[in-house]
Amino acid sequence: GAGVSQSPSNKVTEKGKDVELRCDPISGHTALYWYRQRLGQGLEFLIYFQGNSAPDKSGLPSDRFSAERTGESVSTLTIQRTQQEDSAVYLCASSPIGSGAETQYFGPGTRLLVL
Amino acid sequence: DAKTTQPTSMDCAEGRAANLPCNHSTISGNEYVYWYRQIHSQGPQYIIHGLKNNETNEMASLIITEDRKSSTLILPHATLRDTAVYYCIPAHQGAQKLVFGQGTRLTINP
């Protein structure tokens, strides 16, 4: 079946502009995660959605970052007033309800470049 | 979360076994050891996980020391497609947040 998809694949924006990144999880997966990966670095957790529970936003680096999820489907990560330090690959993952860390399926990521 | 130490990089010849070590001396009693890998320009991919017994699946084997302070991921017959960054991640089985360190950049040479 289809895996996790993300769009756009690549995004180039100017400093100060807002960007929206989209994630389509695997159908039926109730949990959805966003991570950020700077060049040559490991993944940083940003935010986690699980069903109708309040999201875990503990990894969001500043109030310029926000994310929403519509039910158990699409999620959008928004970065307002982008800065050059926001340049990174933004990865989305999803997993089924009640499962553990072994069942996180990752998308291909969105490569964001802030000029 | 337990801290991990992995070699920054390793090389292995195609067809040979690749053995990737990980130190996790502060792992707690109910934390599993998960291994993920990330091939260039792709998202991470789950490989294997274990608690204290050695594990094997179609991708790899995982050897965990008796004191659980370290583990080794074994790719028995490495191929060029195994070139990737390999992450060792201690986590509770129900954990939702994964903490990725720097990982080991494994290069398989022809």
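Chains Z and A, in that order, give the protein sequences.
Going by our numbering, the first sequence opens with residue 1, and the numbers climb by one from there.
Going by our numbering, the second sequence opens with residue 1, and the numbers climb by one from there.
Each residue gets a CB set at the ideal place from its N, CA and C atoms; glycine is no exception.
The stretch 69–88 of chain A makes no contact with the stretch 11–31 of chain Z: fewer than 3 CB pairs, one atom from each, lie closer than 8 Å.
Between the stretch 56–76 of chain Z and the stretch 3–11 of chain Z, the count of C-beta pairs closer than 8 Å stays below three; the two stretches do not touch.
Around the C-beta of S62 of chain Z, fewer than 16 other C-beta atoms lie within 10 Å, and the residue is accordingly described as exposed. For K97 of chain A, the chain Z residues whose C-beta falls within less than 9 Å of its own C-beta are Y33, F45, Y48, D56, S58, G59 and A101, listed in chain order.
A contact is defined here as three or more CB-CB pairs under 8 Å, and the stretch 84–95 of chain A meets this definition with respect to the stretch 35–42 of chain A. The Cβ atoms of R64 of chain Z and Q80 of chain Z lie closer than 8 Å to each other. In the DSSP annotation of this structure, the continuous segment of the beta strand (DSSP E) that includes R36 of chain Z starts and ends at A31 to Q37. Residue pairing for R68 of chain A: DSSP places it in no beta bridge. Listed by position along chain Z, the residues whose Cβ is nearer than 7 Å to that of Q6 of chain A form an empty set, because the closest Cβ is around 10 Å away. Close to P21 of chain A, with beta-carbon spacing below 8 Å, lies no residue of chain Z; the smallest spacing is near 17 Å.
When Cβ-Cβ separations below 8 Å define contact, G16 of chain Z makes no contact with chain A.
Around the C-beta of L112 of chain Z, 16 or more other C-beta atoms lie within 10 Å, and the residue is accordingly described as buried. Q45 of chain A sits away from C22 of chain A, with the two beta carbons spaced by 8 Å or more. Contact check for T78 of chain Z against S66 of chain Z passes: the beta carbons are separated by less than 8 Å. Taken atom to atom, the span from the alpha-carbon of F106 of chain Z to that of Q37 of chain Z is near 13 Å. In the DSSP assignment, the residues bridged to A67 of chain Z are Z:L77. DSSP, reduced to helix, strand and coil, places T56 of chain A within a strand of the structure shown. For the stretch 16–40 of chain A, residues whose beta-carbon sits nearer than 9 Å to a beta-carbon of chain Z comprise Y32, Y34, Y36 and Q38. The C-alpha of G50 of chain A lies about 8 Å from the C-alpha of I64 of chain A. Rounded to the nearest whole angstrom, the CA to CA distance from F45 of chain Z to W34 of chain Z is 6 Å. Between N57 of chain A and the set A:K69, A:L73 and A:S25, the nearest pair of CA atoms involves A:L73.
For T110 of chain Z, the enclosing beta strand (DSSP E) has its first and last residue at T110 to V114.
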